[in-house]
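So the structure is just underneath, and the comments pick up after that.
Residue numbers (this note's numbering): 17 to 750.
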C-alpha cells in the first residue's frame, strides 16, 4: 500500500470513526503527520508509519477515495477578484508556518511559540493564525483552500425569517403594498397548492382567489341576493406574485402538470423527448406508418358541380426509413378498416399505372414504391382488427399499435399530414380557415374541386414531396454523410435499397477520457444537453429533473461544459459548480446519430456545408413548387368554371346548396360505384370481343389455307383489340 500526502482515511476508534488527512511523511518513511477533520480545532499529531500499516491490516483504518475539499482545486478564473485577493493575503500570512516551519508546526509543543512569533510580526491575532493554519491543513494544503466561502454566505437554500419591515423593492409611488410571508401565510398558500395538486382548480390565479376568499376575507356582503366575500385592502394581504414564488419553491411542476392534464396527454405533449421514430426502421420497406384523417376542404359533386359534398378521408402510408409516401387513398367515407386495407394495398400498386389512371404521366424512377412492408404501425382501430391475423399469415406483415392518445409514436405520418395541408390543402377553394370571424362568408360555399380533381392534386403533391421536400431534421448516419445523400425522400429510399439490403456495416468507436479541456457553453433542453448540434446525457438526478422542467417550460438553460475540440465528440464534461464535474456521453438520440466518430471541428464544417446544401435545395424546391402551383391553378380554374356555371344554371341559393350535403355525398358515392361497375363491364366486354376476334382470325387463316378468294380477304375489317377498346373508353371519359 502506497502512502500519499493529502490522502484521507477513516480511523475506527471504539464505536465511531474519525476522518484524518496525511499531511507529511519524513524522508525515511518512518513517521507521518496527520490532522483530524470535521473539528474546529487544530488537532495534529505525528505517528509511526508502522503503526499506521498495522492498523490498516487490522481493518481499523479505511482509505477514502473521495476528497470533499477537491472543489477548491479549480482554476483562478473561477474565483472572484475579491476571493483571490483574500486567498493570497491569507496564504502570505501563514506561509512562514505551513511552508518554512515543517515539520515543527505539527508538534503541539512547538506550535504555540511559532504562531506567537508570526502574530507579533504581522500584528494578527493568534486565533486568526490558528484558524487559517487549520483550514489550510484540513482542506488539502493548497493556497486555494484559503479562499473565502462566499457561496455559503447568506444562508443559501434556507428560509429567511421576515421582520416587521416589508421586504422587496419599495413601491414607485412611495406607498406600502403587500405583506411579508410568514409561516401562517405559508400554511394558507399550502391550501392553494393542494387545490392545484388535486386538480380542484386549473390555474394559479384560481388557487390564489381561493386562498384570499378562505383566509383573508373580512366578512360578507349581500349583492344581488348572493353573499360576496369582502377582502382587505391590497397592502394588507399577499400578492399573487408572492403566491407564485411560493409555488415555484414548493410545487413539483412536473407532477402538477401530469396531474392537471392526465398521464396520457402528458406523455404525448409534455414529456422530455429522447427519440425519433425514424430509427425504428433500419432499411427501406422494413416499417411503415399508416394513418387517416378527414381532409380540411369541402369538394363539389361529380354528378352536379353545384352540389357540395362532405370532407373526404385521406389515407397515407409512409416508409419510416426514407419518409417516402408509398401508399395513398382518398375515400368519400369515414375512416374504416376497409379503407385502410385499400390504402395498404396501394403500397404495392405500380405508381406509373396509378398516376396514369388519373391523367398524370410519370416514370418508374419518380415514384419507385411498389412493395409491401414487413411491419405496419397503425392506430389501435386498425391494428386491433381481427382481420390482421389473416394478413399476417398470408403476407407476412406484422402489425404494431400506437398507444391511445399517443400521436407522437407515429410522429412521421402525423407531421406528414401537416405538410400536406401546408403545400396543398390550405390553398384550395373550400378549405377550412384557421379562424372564422363572425360576418365571414361560409367557406363551404367556396368549394370548386370535385374528388377527381382533388385526387389528381394530391398525387401531384405527393410527387412534389417525394422528389423535392428537404427533411431538415432527418437523422442521417455516418454512411449517408460520406455518400452525400440529400435528405429527400426519394434519395433516401434509393440509398436504403442500395446500401441496407440485408448487409450491415459496423464501426467501432473508441472513447477517450480527457483531463484538460477548454470550457464552452451548452444548452440544457428537453432532449438533453445540447452542444454543437449534438445531445448528451449524464447520470446526475438534478440534471434529469431540470430536463423534465424544461420539457414543461420550453425554456433552455445555459450550462458550462468542457470539451476537446480536435477529438471525438462522444464525451463532454459538465461543470456542476464548486469545482465538480460530471462525465456526459453522447446519447443514442437519433438527432446525434449523424456525428459518430466526428470531431467538434468536423461537426462545425459539416454544419456549414449543411447550411449551404439547404440553401441550394431551396431553389429546387421553388422550381418544384412552381410546377405544383401551375397544375393547381389549372385544376382550380377548370373546376371553378364548371362549378360556377353549374351554380348559375341550377339557380340554387347558398342556403339551398348547403341544405342537402349529406344526400349529395350519398349520391356521389352511388355515382362512383356505377362508374366503377361500368368500367368493369367494359373490360369484360373487351375481353370477350378480343376472344371472338382471335377465333375469327383463326378461322379466316384456315380459310386462306383452303384457298378462299383474295377479294373476300380484302373486304374483311378486323374488330378492335382489347387495348384499343380501353383506349377508346378512356378518351370517351375525358
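Cβ coordinates follow ideal geometry from the N, Cα and C atoms, glycine included. Bear in mind that the values here come from a model prediction, so they are computed numbers and not experimental data.
Would you list, in sequence order, the uninterrupted alpha helix (DSSP H) runs of no fewer than 4 residues that lie entirely inside the stretch 43 to 121?
Secondary structure remark: continuous alpha helix (DSSP H) runs of at least 4 residues inside the stretch 43 to 121, in chain order: 65 to 73, 97 to 114.
With DSSP run on the structure shown, which of helix, strand or coil describes residue 728?
Confidence at residue 728 is low in this model, with a pLDDT of 47, below 50, so its placement is unreliable and no value can be given for it.
Alpha-carbon to alpha-carbon, residue 367 and residue 519:
Below a pLDDT of 50, predicted positions are generally treated as unreliable, and residue 519, at 33, falls in that range; no measurement from the model is reported.
Taking 8 Å as the limit between beta carbons, can you name the residues of its chain near residue 322, skipping five residues before and five after?
Short of 8 Å from the beta carbon of residue 322, and not among the five residues preceding or following it, lie these beta carbons of its own chain, in chain order: 316, 659, 662, 663, 665, 666, 668, 673.
Span of the alpha helix (DSSP H) around residue 507
Annotation for residue 507: the continuous alpha helix (DSSP H) segment containing it runs 505 to 515.
Which of the three DSSP states, helix, strand or coil, is assigned to residue 262?
Taken through DSSP and simplified to helix, strand or coil, residue 262 comes out as helix.
Below 8 Å on the Cβ atoms is my contact criterion, and I expect residue 34 with residue 52 to pass it. Report the Cβ-Cβ distance as a whole number of Å.
Indeed, because the Cβ distance is near 6 Å, the residues count as touching under 8 Å.
Given residue 235 as reference, the closest of 241, 596, 227, 245 once Cα atoms are compared
When only C-alpha atoms are compared, the closest one is 245.
So, are the CB atoms of residue 434 and residue 340 less than 8 Å apart?
With respect to residue 340, residue 434 sits apart: the two C-beta atoms are not nearer than 8 Å.
Strand pairing of residue 332, partner residues [DSSP]:
Partner residues in the beta bridge of residue 332, as assigned by DSSP, are 307, 344.
Could you tell me which of 592, 72, 626, 126 sits nearest to residue 486, measuring between CA atoms?
Minimum Cα distance to residue 486 is reached at 626.
Within a Cβ cutoff of 8 Å, which residues of the same chain sit near residue 468, ignoring the five residues on either side of it in sequence?
Contacts found: 318, 374.
Please classify residue 572 as buried or exposed, where buried requires at least 16 other C-beta atoms within 10 Å of its C-beta.
Counting Cβ neighbours within 10 Å, residue 572 comes out exposed, since fewer than 16 surround it.
Leaving out the 5 sequence neighbours to the left and right, which residues in its chain are closer than 7 Å to residue 266 when beta-carbon positions are compared?
Its chain contains 209 as the residues whose beta carbon lies nearer than 7 Å to that of residue 266, once the 5 sequence neighbours on both sides are disregarded; these appear in chain order.
Using beta-carbon positions only, say whether residue 465 and residue 651 come within less than 8 Å of one another.
At a Cβ-Cβ threshold of 8 Å, residue 465 and residue 651 count as neighbours.
Quick one: which unbroken alpha helix (DSSP H) runs of 4-plus residues sit fully inside the stretch 425 to 467? Chain order, please.
Entirely contained in the stretch 425 to 467, the alpha helix (DSSP H) runs reaching 4 residues are, in chain order, 427 to 439.
What does DSSP give as the partner residues of residue 27 in its beta bridges?
Looking at the DSSP assignment, residue 27 forms a beta bridge with 34, 77.
Provide the residue span of the beta strand (DSSP E) that contains residue 589, from first to last.
Unbroken beta strand (DSSP E) run through residue 589: 587 to 593.
Measure the C-alpha to C-alpha separation of residue 229 and residue 247 and round it to an integer number of angstroms.
Going by the C-alpha atoms only, they are around 7 Å apart.
Extent of the continuous alpha helix (DSSP H) to which residue 245 belongs
Residue 245 -> not in any alpha helix (DSSP H); beta strand (DSSP E) instead, spanning 242 to 246.
Cβ-based burial, residue 18 [other Cβ within 10 Å; buried from 16]
Its Cβ having fewer than 16 others within 10 Å, residue 18 is exposed.
Contacts around residue 347, its chain only, beta-carbon distance under 6 Å, and the 5 residues preceding and following it disregarded:
Taken in chain order, the residues that qualify are 329, 355.
Locate the alpha helix (DSSP H) running through residue 129, then write down its first and last residues.
Going by DSSP, residue 129 is part of the alpha helix (DSSP H) stretching over 124 to 138.
Do residue 477 and residue 439 count as a contact pair if the criterion is CB distance below 8 Å?
It is a contact, given that the beta carbons lie within the stated cut-off.
So, residue 385 versus residue 351, is the Cβ gap smaller than 8 Å?
Not a contact, by the Cβ cut-off of 8 Å.
Run through the stretch 473 to 508 for me and flag every whole alpha helix (DSSP H) of 4 or more residues, listed as ranges in chain order.
Segments of the alpha helix (DSSP H) lying fully in the stretch 473 to 508: 494 to 499.
Taking the beta carbon of residue 522 as the centre, do at least 16 other beta carbons fall within 10 Å, making it buried, or is it exposed?
The pLDDT assigned to residue 522 is 34, lower than 50, so where the model puts this residue is not dependable, and the model offers no usable value.
Bridge partners of residue 600, per DSSP?
Paired residues: 588.
Roughly how many whole angstroms lie between the Cα atoms of residue 536 and residue 577?
Counting only the Cα atoms, residue 577 lies some 5 Å from residue 536.
Shortest alpha-carbon distance to residue 310 belongs to which of 256, 447, 388?
Checking every option, the nearest Cα to that of residue 310 belongs to 447.
If you compare alpha carbons, which of 106, 431, 256, 338 is closest to residue 502?
Nearest of 106, 431, 256, 338 to residue 502, Cα basis: 338.
Does DSSP classify residue 535 as helix, strand or coil?
In this structure, residue 535 counts as strand in the three-state DSSP scheme.
So for residue 195, helix, strand or coil by DSSP?
In the structure shown, residue 195 adopts coil according to DSSP, grouped into three states.
Using C-beta distances below 8 Å, list every residue in its chain close to residue 206, excluding the 5 sequence neighbours before and after it, in chain order.
Listed in chain order, the non-local C-beta contacts of residue 206 below 8 Å within the same chain comprise 266, local neighbours out to five positions each way being set aside.
Look at the Cβ atom of residue 640, then the Cβ atom of residue 484, and state whether they are nearer than 8 Å.
Yes, Cβ-Cβ distance for residue 640 and residue 484 is below 8 Å.
Shortest alpha-carbon distance to residue 488 belongs to which of 314, 443, 428?
Answer by Cα proximity: 428.
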